[in-house]
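Chemist: Residue numbers (this note's numbering): 51 to 329.
Spelled out as structure tokens, the structure:
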């Protein structure tokens, strides 16, 4: 197959003799190619069996043409997660008839499923934040004795119930889900020219007035401020810089992706405010 972001031209060859394929690209948008069959001298009758598909990279249509063509829609390494997410997105669209609303509801469902991991991570980081002054005191006291420092650090963490790994592990477990969501929202043709509301008339392109990217950036920065972190000022500044840079990189991404990140960050802010009240 030869494809663009949302469309493909594909040939499935079921002939007993496989052809040689030659493609030539002229510029960015034009591709020409050909199939060459070499027939063996011992065979008199050779049947050429081809099926051609030209159209959108939509799973249902691709599978109807040939089940092997479903792979043309590439959702990346974590497609086994991406495909159920796309199913969920389509389910909400069938119910409400709006892809933007479907993204919002899908985001809530995914966030609710990941909520137990987020709670564990938040509580672990909170405990680490509480004992930071004691850890710093231990570093000063045993700065010339690394073995004693390690023993005292482990003793303090055990007594306080803090574990840095339990704070990072849930985040690592969520990483494949986030990558799959990015792939789905960035490649699903369902969002192509799909309106949301008011000025958002195509979820597959950037917000023309940058309203969603600005809201996304504000919620991401606020989420970062509410997240328990190392009290070291340098570390705080570095984390905030990364958050701001990430927001800036996403300004020109599809508005559907900005909508997902905005709603997800809003969910996290509410979640963290509730957890901070639970002393």
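Note that beta-carbon positions come from the ideal geometry of N, C-alpha and C, so glycine has one too.
1) Any idea which residues DSSP pairs residue 100 with across the strands?
2) Between the beta-carbon of residue 305 and the beta-carbon of residue 268, is there less than 9 Å?
3) Taking contact to mean at least 3 C-beta pairs separated by less than 8 Å, is the stretch 232-244 in contact with the stretch 131-150?
4) I'd like the list of long-range same chain contacts for residue 265, defined as Cβ closer than 6 Å, with 5 residues on each side in sequence excluded.
5) Measuring CA to CA, which of 52, 323, 298 is closest to residue 105?
6) With 16 as the cutoff for other CB atoms within 10 Å, does residue 291 come out buried or exposed?
7) What is the DSSP secondary structure of residue 52, reduced to helix, strand or coil?
8) Leaving out five residues before and five after residue 136 in sequence, what residues of the same chain have Cβ atoms less than 7 Å from its Cβ?
9) What is the DSSP secondary structure of residue 191, reduced to helix, strand or coil?
10) Along the chain, where does the alpha helix (DSSP H) that runs through residue 203 open and close?
11) What is the DSSP secondary structure of residue 123, reduced to helix, strand or coil?
12) Would you kindly check if the distance between the Cβ of residue 321 and the Cβ of residue 293 is under 9 Å?
13) According to DSSP, is residue 275 part of a helix, a strand, or is it coil?
14) Just to confirm the assignment, what range does the beta strand (DSSP E) spanning residue 117 have?
15) Starting from residue 95 and walking both ways along the beta strand (DSSP E), at which residues does that stretch end?
16) Leaving out the 5 sequence neighbours to the left and right, which residues in its chain are closer than 6 Å to residue 212 when beta-carbon positions are compared?
17) Within 10 Å of its beta-carbon, does residue 183 have 16 or more other beta-carbons around it, so buried, or fewer, so exposed?
18) Could you pull the start and end residues of the alpha helix (DSSP H) that residue 132 belongs to?
19) Is the CB-CB distance between residue 128 and residue 263 below 9 Å?
20) Throw me the rounded Cβ distance for the residue 74 and residue 82 pair, which I believe falls under 8 Å.
21) Quick one: residues in its chain with C-beta nearer than 8 Å to the C-beta of residue 257, no 5 flanking neighbours on either side, listed in chain order?
22) In the DSSP assignment, find the beta strand (DSSP E) that holds residue 70 and state where it starts and stops.
23) In this structure, how does DSSP classify residue 263 when only helix, strand and coil are distinguished?
24) If you reduce the DSSP assignment to three classes, tell me which class residue 231 lands in.
Modeler: Judging by the given coordinates:
1) Start at 1 with the first residue of the chain shown, and residue 100 comes out as number 50. According to DSSP, residue 100 bridges with 63.
2) The count along the chain shown starts at 1 and reaches residue 305 at position 255. The count along the chain shown starts at 1 and reaches residue 268 at position 218. No; because the gap between Cβ atoms is not below 9 Å, this pair is not in contact.
3) yes
4) Numbered from 1 along the chain shown, position 215 holds the residue referred to as residue 265. So the qualifying residues of the chain are 312.
5) Taking the chain shown and counting its residues from 1, one reaches residue 105 at position 55. When each option's Cα is compared against that of residue 105, the closest is 52.
6) One-based indexing of the chain shown puts residue 291 at position 241. Answer is exposed; the Cβ neighbour count stays below 16.
7) Reading the chain shown from its first residue, position 2 is the one you call residue 52. Here residue 52 sits in strand by DSSP.
8) Taking the first residue of the chain shown as 1, we reach residue 136 at position 86. Answer for residue 136: 234, 238, listed in chain order.
9) In the chain shown, residue 191 corresponds to position 141, counting from 1. Residue state, collapsed to three classes: helix.
10) Here the question's residue 203 lines up with position 153 in the chain shown. That run of the alpha helix (DSSP H) goes 196-210.
11) In the chain shown, the residue the question calls residue 123 occupies position 73. Note: residue 123 maps to coil in three-state DSSP.
12) Your numbering for residue 293 matches position 243 in the chain shown. Your numbering for residue 321 matches position 271 in the chain shown. For residue 293 and residue 321, no; Cβs fall outside 9 Å.
13) Walking along the chain shown from the start, residue 275 turns up at place 225. It is helical.
14) Here residue 117 corresponds to residue number 67 of the chain shown, with the count starting at 1. Per DSSP, residue 117 belongs to no beta strand (DSSP E) and is neither H nor E.
15) What you label residue 95 is simply residue 45 of the chain shown in a count that begins at 1. Here residue 95 belongs to no beta strand (DSSP E), and DSSP marks it neither H nor E.
16) If you number the chain shown from 1, residue 212 lands on position 162. 177, 178, 181.
17) Taking the chain shown and counting its residues from 1, the one referred to as residue 183 is at position 133. That one is exposed.
18) For the purposes of this step, residue 132 is identified with residue 82 of the chain shown, where counting begins at 1. Run containing residue 132: 129-146, per the alpha helix (DSSP H) assignment.
19) Locating residue 128 in the chain shown gives position 78, counting from the first residue. Locating residue 263 in the chain shown gives position 213, counting from the first residue. Cβ distance not < 9 Å, so residue 128 and residue 263 don't count as in contact.
20) Taking the chain shown and counting its residues from 1, one reaches residue 74 at position 24. Taking the chain shown and counting its residues from 1, one reaches residue 82 at position 32. Rounded, the Cβ-Cβ distance is 5 Å, consistent with contact.
21) Within the chain shown, residue 257 is the residue found at index 207, counting from 1. Excluding residues within five positions, the ones whose Cβ falls inside 8 Å are 249, 250, 263, 305, 308.
22) Within the chain shown, the letter at position 20 stands for residue 70. 70-76 is the span of the beta strand (DSSP E), which, as asked, contains residue 70.
23) For the purposes of this step, residue 263 is taken as residue 213 along the chain shown, with counting starting at 1. In the structure shown, residue 263 sits in a helix (DSSP, three-state: H, G or I).
24) Numbered from 1 along the chain shown, position 181 holds the residue referred to as residue 231. If DSSP states are grouped into helix, strand and coil, residue 231 belongs with the helices.
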